[in-house]
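The structure under discussion appears below in the form of structure tokens.
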Amino acid sequence: MMQQLRRSQPSPCHLRGSRFTGAGLPARPMLALGAAAARRSRPETVQLSACHAAAASAQPRPRAVADSALGASSTSVQVRGKLLLQNFFADDGSDSQRQLRLSIQLVSATVAGPDGRGVKAEASVLDAVVGSGDTELDVDLTWDEALGAPGAVVVKNHSDFPVYLRLLSMPTRVLGADDKAATTAAVHFACNGWVYPVDKHPYRLFFTNDACVKEETPSSLLKYREDELAVLRGDGETADRPFQPWDRVYDYALYNDLGNPDLRRDLARPVLGGSREYPYPRRTKTGRPAAKTGPCPYPQSESRAPLDEEIYVPCDERVGFGSVPAPTLPPLGGHFSSLADVYRLFGLDDVGRLPEAKGVINSGAPFPVVPQVISVNPTHWRKDEEFARQMIAGANPVCIKRVTKFPLTSELDRGVFGDQDSKITEDHVEKNMGGMTLQQAVEEGRLYVVDHHDWVMPYLKRINELPGEEEKAEVSQRKVYAARTLLFLNREDSTLKPLAIELSSPHPEKEQLGAVSTVYTPPDSRDDDDDGITAGRFSVWELAKAHAAANDTVENNFVTHWLNTHASMEPIVIAANRQLSVLHPIHRLLKPHFRKTLHINAVARQIVVGSGDQRKDGSVFRGIHEVTYFPSRYNMEMSSMAYRAWNFTGLALPNDLINRGVAKGDAKKPETLELVIKDDYPYAADGLEMWAAIKDWVADYCAIYYGDDGAVARDSELQGWWSEVRNVGHGDLSDAPWWPAMDCLADLVETCTTIVWLGSAYHAAISFGQYDYQGFIPNGPSLTTRPVPDPEVTVTVAESDFLESVTPVAEALGFMSISSGPLGLVGTEVYLGQRPDTEQWTSERSAAEALAVFRARLEEVAGNIERRNADPALKNRTGPVEVPYTLLKPTAQPGPVLRGIPNSITV
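Just so we're aligned: the sequence shown equals residues 138 to 1044 in my numbering.
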């Protein structure tokens, strides 16, 4: 069956003109409610696919009746259903079980009352004693055959505690074409939502797992659909108020809660969003009051929530975990004195090996897990080849660009920053290019750069003046440069080697005088034990590599990770919940890829990217990122600076690769793209397979519900969603010319593919490698603390001097604690292609079958990645550290580290 599903590629503004029916399968048979207690020989047949019934011309229009008309002639039956729910009680034993009392009413999709809304059946009451965790309960539901087909259910909670409803299923009988042969089926209400006691939630409404656009909704369900969206938008809210844990309102706010001027003036932070100076995506509104401080430099600041209090997100967004306690980091003071000190953090011996065996990754070893970069070859992270390889197969493989013009130039305003152009010359690099001239390398596509200069330079003077007087015990001293790294591509084996690293500082007298730059190159001769590795000593070149790696670590965290996924996805999630009904097919497509995003972002604003808060004991807790990354108080400002160049369409993988000059071809045909680094750019090669698989799945799904471009343009909810994403959620960039018009099927498919890609595969590639590569601090420092010596004066430094130039001990432990977040998610994630409710997420057979094809395709991709990793000719797959590139392998793997691609942004 799955082989009969044919994938298609969208042509410009057009995709299939006919509905995708799952390999020509017949329409779903008619369903009849099963009523064991009714004892009728042949119950009335009802169509339970309410949305499709409304779209079919053969179906009668829903009829309006008064509730009183359903009197003596109606026949009520009892239907035994199943209710899946979750409870979260205290684990102290005193509250292990509670009395649950719910009332449940089915709602007709075909019979409307005087107000136009579907008539409700008689309420059924569920009384049960429940414990903490997952619970499955039998529930007797009342239905009246005169009401036709149920399309929704109303649930009221008369208990004194909230309950999370996952699924309500009810049995049916499926009648054949001649209304004789019958089999058992079920109707599912995929709830996935909290129901609080009636004084908090007067009721919750859940629809069946049918999907339809607003214009095809049965009229008796249409007002219910609109009612739900009104609640989620907060329509009728008369005044600003702090939202409560049970609220369900999705609304927008500026990033005005990063600072804490009420605690200390130096902890105030700029408001991000809503201005030319600090553009930014919007975050979820909490309704908290303004900060109380009088002469605050940022009067729009919102007050901070206490550390032991959860920041508001709409209640259904709290999934899988509760509040996250603020960690206690050790006091500042001191660096590692030797590599042996670092190795011992992971239970390794003095030379970086386990006493029992070399490899521990995914072996079931207890924490702390050894970072992959030292798990097999504990010293080869120092090699130049490995330093370069990590730019295409490490934690941040998305910044490398092909050089098309030399010398390298800056785009910074010369009137403000003076001459910031690169000082790297032919003389610096041609000695390591095997006789090729620099111009030849440019013309042949063999020269590449990782350039963080323009992003770092505007903040360098302020960063290098840290810490301020009040934060000396909280933030260590910095000495940072803006870095450019130039690399050369070896045609024979597609490996890269670094040619030069330029480290630049602002002019000491005046920034307008331009940059002061020093160019570092690999040593001409090496008196060492193992290709550049000298035990106990480091070259000045290696110090330059550490500073360049620190630039990359910071940009990875605040631009490619936080900005491009967490911050940019949040307004897309908010708009979807405000404008797309849960009945909407695109809502059903994207919902799994939104899981946890708002919640994890709220936690991040509280304890990770914020400035600081006061603990109950009076001590000050500083935001983890302000302590552990070199921008400190400027990290989110720098993220805002990067947002000016943010481009949603440019983040589509084919566009990104072409824009960086590492691929050639038509972005609309990713399977035909030619990688300039051939098949040995692991992120690009694996990513293109993943992108194509995602796009095929999205195209097949969308074609079920949109027969032509006009159907996209006419979909009012879809248009409202995309307009709000552009004009409100990303309102600071609403005038950008690259926004998709969303007036054709190709736009819809490309947009949804990009959203799924960013929330799943892209996020995995640029987040889950942080601990693997940067968790071993000497390989990927998060900050630097000493100047690099002049290469003409100093050739080598002691191991202790190298370690005193990179992340100190306390900050290293803080960095490890936050970057190891994925380690605690093993067994809790839902992976790409999976749904917790796989059998119940949709009533559309063709959609379920398309998902099955997608899952099979992901298995193929995983197999292809394994084969590439096993090919010794592809040297960039494992590199000198002998660790295979698996960050884009879609399938989960056993072990203590999260492997595979989750559906959504996790950490």
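Where is the CB? At the ideal position from N, CA and C, for every residue including glycine.
Quick caveat: nothing in here was measured; it's all calculated off a predicted structure.
What is the C-beta distance between residue i and residue j, in whole angstroms, given that I count them as a contact (C-beta under 8 angstroms)?
{"i": "residue 544", "j": "residue 529", "result": "The pair is not a contact, with the Cβ atoms about 23 angstroms apart (cut-off 8 angstroms)."}
{"i": "residue 1053", "j": "residue 780", "result": "Within the shown structure, residues of the chain are numbered from 138 to 1044, placing residue 1053 beyond reach of any answer."}
{"i": "residue 526", "j": "residue 1016", "result": "4 angstroms"}
{"i": "residue 1021", "j": "residue 1006", "result": "4 angstroms"}
{"i": "residue 351", "j": "residue 718", "result": "7 angstroms"}
{"i": "residue 600", "j": "residue 768", "result": "6 angstroms"}
{"i": "residue 921", "j": "residue 937", "result": "With 8 angstroms as the limit, residue 921 and residue 937 do not qualify as a contact, their Cβ atoms being about 15 angstroms apart."}
{"i": "residue 404", "j": "residue 866", "result": "Not a contact, Cβ separation roughly 27 angstroms."}
{"i": "residue 585", "j": "residue 535", "result": "Their Cβ separation, rounded to whole angstroms, is 13 angstroms, which puts residue 585 and residue 535 out of contact at 8 angstroms."}
{"i": "residue 1070", "j": "residue 408", "result": "Any property of residue 1070 remains undetermined from this structure, which presents the chain solely from 138 to 1044."}
{"i": "residue 907", "j": "residue 954", "result": "Between residue 954 and residue 907 the Cβ distance is about 12 angstroms, and since that is not below 8 angstroms, they are no contact."}
{"i": "residue 823", "j": "residue 1025", "result": "4 angstroms"}
{"i": "residue 510", "j": "residue 916", "result": "5 angstroms"}
{"i": "residue 637", "j": "residue 553", "result": "In fact, because the Cβ distance is near 26 angstroms, the residues do not count as touching under 8 angstroms."}
{"i": "residue 974", "j": "residue 304", "result": "6 angstroms"}
{"i": "residue 896", "j": "residue 765", "result": "Not quite, the Cβ-Cβ distance comes to about 25 angstroms (not below 8 angstroms), so this is no contact."}
{"i": "residue 212", "j": "residue 282", "result": "5 angstroms"}
{"i": "residue 471", "j": "residue 480", "result": "Contact flag wrong, Cβ pair sits at about 17 angstroms."}
The alpha helix (DSSP H) with residue i in it runs from where to where?
{"i": "residue 471", "result": "Where residue 471 is concerned, there is no enclosing alpha helix (DSSP H), given that its DSSP letter is neither H nor E."}
{"i": "residue 954", "result": "946-956"}
{"i": "residue 273", "result": "Careful: residue 273 lies outside any alpha helix (DSSP H), inside the beta strand (DSSP E) at 270-281."}
{"i": "residue 633", "result": "Taken as a continuous stretch (DSSP letters only), residue 633 belongs to no alpha helix (DSSP H), being part of the beta strand (DSSP E) at 633-643."}
Per DSSP, which one or two residues make a beta bridge with residue i?
{"i": "residue 538", "result": "586"}
{"i": "residue 294", "result": "239, 334"}
{"i": "residue 325", "result": "306"}
{"i": "residue 342", "result": "291"}
{"i": "residue 749", "result": "759"}
{"i": "residue 245", "result": "287"}
{"i": "residue 811", "result": "801"}
{"i": "residue 421", "result": "389"}
{"i": "residue 301", "result": "223, 331"}
{"i": "residue 968", "result": "1039"}
{"i": "residue 261", "result": "241"}
{"i": "residue 671", "result": "674"}
Out of the options, which one is the CA nearest neighbour of residue i?
{"i": "residue 295", "options": "346, 267, 236", "result": "236"}
{"i": "residue 591", "options": "636, 215, 621, 684", "result": "621"}
{"i": "residue 1027", "options": "1044, 979, 801, 966", "result": "966"}
{"i": "residue 977", "options": "594, 988, 670", "result": "988"}
{"i": "residue 742", "options": "631, 848, 441", "result": "441"}
{"i": "residue 354", "options": "847, 536, 852", "result": "852"}
{"i": "residue 571", "options": "626, 598, 523", "result": "626"}
{"i": "residue 418", "options": "824, 374, 712", "result": "712"}
{"i": "residue 521", "options": "670, 391, 420", "result": "670"}
{"i": "residue 329", "options": "348, 400, 221, 509", "result": "221"}
{"i": "residue 300", "options": "761, 845, 456", "result": "456"}
{"i": "residue 1037", "options": "873, 905, 474", "result": "905"}
{"i": "residue 463", "options": "757, 999, 782, 596", "result": "757"}
{"i": "residue 687", "options": "969, 524, 389, 995", "result": "524"}
Could you please give the first and the last residue of the uninterrupted beta strand (DSSP E) stretch that includes residue i?
{"i": "residue 657", "result": "652-657"}
{"i": "residue 925", "result": "Unbroken run through residue 925: none, as it is neither H nor E."}
{"i": "residue 223", "result": "213-224"}
{"i": "residue 622", "result": "619-626"}
{"i": "residue 257", "result": "255-257"}
{"i": "residue 610", "result": "Looking at the DSSP string, residue 610 is not in any beta strand (DSSP E), and its letter there is neither H nor E."}
{"i": "residue 904", "result": "Segment 900-904 is the alpha helix (DSSP H) holding residue 904; no beta strand (DSSP E) there."}
{"i": "residue 675", "result": "674-676"}
{"i": "residue 933", "result": "933-935"}
Legend entry - Segment contact, 8 angstroms Cβ cut-off, at least three pairs: the stretch 879-895 with the stretch 673-693: no
Legend entry - Cβ contact (3+ pairs, closer than 8 angstroms) linking the stretch 376-384 and the stretch 726-734: As far as the Cβ criterion goes, the stretch 376-384 does not touch the stretch 726-734, which means the pair count is below three.
Inset, instruction - May I ask you to verify whether the stretch 788-802 touches the stretch 633-643, counting CB pairs closer than 8 angstroms and requiring at least 3? - result: no
Inset, instruction - Would you check if there are 3 or more beta carbon pairs closer than 8 angstroms linking the stretch 234-251 to the stretch 281-295? - result: yes
Inset, instruction - Assess, as a yes-or-no matter, whether the stretch 696-709 is touched by the stretch 733-751 under the definition of 3 or more beta carbon pairs within less than 8 angstroms. - result: yes
Inset, instruction - Take every Cβ of the stretch 444-464, pair it with every Cβ of the stretch 807-818, and state whether three or more of those distances are shorter than 8 angstroms. - result: Segments in contact, no.
Legend entry - Segment contact, 8 angstroms Cβ cut-off, at least three pairs: the stretch 550-560 with the stretch 946-953: no
Legend entry - At least three beta-carbon pairs within less than 8 angstroms, the stretch 325-339 to the stretch 253-271: no
Legend entry - Contact the stretch 909-916 vs the stretch 885-892: 3+ CB pairs below 8 angstroms: Contact fails: fewer than three Cβ-Cβ distances are below 8 angstroms.
Legend entry - Segment contact flag, the stretch 609-616 with the stretch 565-581, C-beta cutoff 8 angstroms, min 3 pairs: With a cut-off of 8 angstroms on Cβ pairs, the stretch 609-616 is not in contact with the stretch 565-581, counting fewer than three such pairs.
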